[in-house]
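In the numbering used here, the protein residues as written are 14 to 328. What follows is a set of notes on a single structure, which appears directly below.
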């Protein structure tokens with residue numbers, strides 16, 4: 014329990030540092046976008062601002078989960094309003110984050126296409142390139158840092174944060190290269206293309222980035238709708254089947270779901286009518302045996318094991 018609480022505290026520290034830097038970079042992006050006249054740079058700022066706001070929401074959920082972990086095993090556990098904890102909020106936040114990013118990308122894509130049709134724009138490519146290069150370096154370093162921290166944390170929030178930093182770094186790197194190309198066109202016979210560089214690179218960036226939040230959204234919605242993870246389902250069914258053979262049950266029925274870092278497992282063992290009566294202690298020993306075989310014991314695992322002669326209680 015202490016180890017999990019320590020990991021949650023480290024998760025929160027990682028998110029707090031990320032949020033602070035995102036707010037600073039979003040401010041720099043807005044200022045740079047207005048000074049250079051680049052719509053692509055302004056989009057970078059909006060992207061960072063959405064990341065920061067969603068990071069704050071993720072931090073709040075992480076704190077709620079930490080508080081729930083502290084209550085486990087105490088008399089107050091059954092007297093609170095949220096008796097199943099706050100684990101279900103994690104996929105909801107991840108889904109909301111993904112939806113917001115998808116909407117921002119789609120809006121930027123539409124704006125860039127309209128700008129292209131309107132003849133483009135011609136920002137200050139020199140300052141824009143300087144901004145994009147520095148931003149790309151900062152984002153990629155931060156993404157590497159978050160990914161490294163998450164090797165031990167294994168947090169969905171920090172993993173998404175690391176991916177967001179990598180995405181932001183890729184966007185800024187693409188902007189940097191595009192602005193350098195635009196600068197190289199100055200005074201050449203292709204200089205007429207310069208007004209189209211800024212909206213064109215924004216279109217390309219949006220099309221490249223869009224699949225990433227869509228993938229995260231699909232994974233988050235799987236948790237929201239409690240879809241049974243195939244690997245976990247196979248594992249639990251196999252362990253339950255072993256217990257059926259070992260203890261002489263007729264069969265077993267299992268149900269699994271995943272909500273963020275929380276796992277829900279319910280197993281019903283159907284006992285034959287002539288199965289000898291067992292004491293509560295013996296049944297608890299079977300529960301302990303099955304629980305140990307399944308593994309993953311911790312505050313995020315909700316395991317229920319029942320014994321019944323009536324199939325209606327198992328379906």
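Each residue gets a CB set at the ideal place from its N, CA and C atoms; glycine is no exception.
Cα atoms of residue 186 and residue 269: separation of roughly 42 Å, rounded to the nearest angstrom. Per DSSP, the unbroken alpha helix (DSSP H) holding residue 260 starts and ends at 243–260. In this structure, residue 222 sits near residue 180, with a CB-CB distance shorter than 7 Å. For residue 314, the beta-bridge partners assigned by DSSP are 276. With three or more CB-CB distances shorter than 8 Å, the region 186–204 counts as touching the region 213–232.
The beta carbons of residue 266 and residue 328 sit about 7 Å from each other, so the pair counts as a contact at 8 Å. Apart from sequence neighbours up to five positions away, no residue of its chain approaches residue 240 with a beta-carbon distance below 7 Å. In the three-state reduction of the DSSP assignment, residue 176 falls in the helix class, which pools H, G and I. In the pairwise beta carbon analysis, the region 310–317 is classified as not touching the region 199–207: fewer than three pairs are separated by under 8 Å. Sequence-distant Cβ neighbours of residue 173 in its own chain, meaning closer than 8 Å and more than five residues away, are 71, 107, 110, 229. In the three-state reduction of the DSSP assignment, residue 218 falls in the helix class, which pools H, G and I. For residue 268, the beta-bridge partners assigned by DSSP are 279. When C-beta atoms of the region 31–44 are compared with those of the region 55–69, three or more pairs fall below 8 Å, so the two segments count as touching. Straight-line spacing of the CA atoms in residue 100 and residue 78 works out to 6 Å. Its Cα nearest to that of residue 287, the residue 321 stands out among 130, 326, 321, 143.
Looking at the backbone, the Cα of residue 249 and that of residue 262 are separated by about 16 Å.
Three or more pairs of CB atoms, one per stretch, sit closer than 8 Å, so the region 127–145 contacts the region 48–57.
Rounded to the nearest whole angstrom, the C-alpha separation of residue 231 and residue 102 is 16 Å. Between the C-alpha atoms of residue 56 and residue 177 there is a straight-line separation of about 14 Å.
Look at residue 328 here: in three-state DSSP terms it is coil, with no helix or strand label.
Per DSSP, residue 198 lies in no alpha helix (DSSP H) segment and is marked neither H nor E. In this structure, residue 144 sits near residue 45, with a CB-CB distance shorter than 7 Å.
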